[in-house]
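Participant: If you use this note's numbering, the sequence shown corresponds to residues 2 to 204, in order.
Where is the CB? At the ideal position from N, CA and C, for every residue including glycine.
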Amino acid sequence: MFLVLAHDRRRVIHSNVTEHPTAEWTAAQLVQAFPWDNAPRYLLRDRDSIYADVFCAQAKCMEITEVLTAFRSPWQTPYVERLIGSIRRECLNHVVILNEKSLRRLMASHIDYYHGTRCHLSLGKDSPDGRAVQPPEMGRTIALPEVGGLHHRYERRAVCICALTKIRPRNISPRADPTAEISRFSDSASNSFSNASLSRRAN
Numbered sequence: 002m003f004l005v006l007a008h009d010r011r012r013v014i015h016s017n018v019t020e021h022p023t024a025e026w027t028a029a030q031l032v033q034a035f036p037w038d039n040a041p042r043y044l045l046r047d048r049d050s051i052y053a054d055v056f057c058a059q060a061k062c063m064e065i066t067e068v069l070t071a072f073r074s075p076w077q078t079p080y081v082e083r084l085i086g087s088i089r090r091e092c093l094n095h096v097v098i099l100n101e102k103s104l105r106r107l108m109a110s111h112i113d114y115y116h117g118t119r120c121h122l123s124l125g126k127d128s129p130d131g132r133a134v135q136p137p138e139m140g141r142t143i144a145l146p147e148v149g150g151l152h153h154r155y156e157r158r159a160v161c162i163c164a165l166t167k168i169r170p171r172n173i174s175p176r177a178d179p180t181a182e183i184s185r186f187s188d189s190a191s192n193s194f195s196n197a198s199l200s201r202r203a204n
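1) For P136 and W76, what's the separation of their Cα atoms in angstroms?
2) Work out the CA separation of F56 and P36 for me, nearest whole Å.
3) Provide the residue(s) that pair with L145 in DSSP beta bridges, ordered along the chain.
4) Please state whether DSSP places E64 in a helix, a strand or coil.
5) Go through its chain and collect everything with a Cβ distance to A159's Cβ below 6 Å, but skip five positions before and after it.
6) Looking only at its chain, what residues have a beta carbon closer than 6 Å to the beta carbon of R10, apart from the 5 residues adjacent to it on each side?
7) With distance defined between alpha-carbon atoms, name the residue in P22, L93, R83 nearest to L104.
8) Note the first and the last residue of the continuous beta strand (DSSP E) segment covering Y52.
9) Could you check if A28 is buried or exposed, using at least 16 other CB atoms within 10 Å of its CB as the buried criterion?
10) Under DSSP, the beta strand (DSSP E) around V81 begins and ends at which residues?
11) Which residue or residues does DSSP assign as beta-bridge partners of N17?
12) Is it the case that the region 67 to 83 contacts the region 43 to 58, given that we only count it when at least three CB pairs across the two stretches are under 8 Å?
13) Closer than 8 Å by C-beta to A144: which residues in its own chain qualify, once you throw out the five before and the five after it? Chain order, please.
14) Cβ atoms of I88 and H111: under 9 Å apart, would you say?
15) Quick check: what's the CA-CA separation for T78 versus R42?
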């Protein structure tokens, strides 16, 4: 799994998964993360062997200065390590991954939830994309399922009260017993279904 995280609003700029990561694949992810002239000035990463000369050359070509952490020091990249832990605890530990395609689809759904719904204490209990405050006057609270029902988004929606009009069935006369009419309809329906089943068996 490859993740590119922006520190300002904790936004996931790019994510991708593969069963066989290589240095060329990692360098290609850097290009896909910043396809236009919007590459950051600095890139903080660890000293994984996947970042070979191909990745370093691509970063230099994009005028990105790499800042490397110390050996075996994951606490020097706290934001992305927290993101990886959140994805594992809140998503991957609760589902069964079938293949690479299912993992990519699940990650896309979870990142949408992460951006638009999940709150962060460092952002003042706001989401990376921002969420408007909904006062009680907006209506009752409803739950909207996300990530296949694994998580929910709670919003306030106004309740629409509709007046129900009592409609009299057409085939029932005002003085007739509705129970008798319904029973006769049920008998006729059962006869038609039995005749239809007999005709199918005969064919």
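Facilitator: According to the structure data:
1) 39 Å
2) 15 Å
3) R154.
4) coil
5) G140
6) P129
7) L93
8) From DSSP, Y52 is part of no beta strand (DSSP E); its letter is neither H nor E.
9) buried
10) For V81, there is no enclosing beta strand (DSSP E); the enclosing alpha helix (DSSP H) has its first and last residue at 79 to 91.
11) F3
12) yes
13) H153, R154, Y155
14) yes
15) 17 Å
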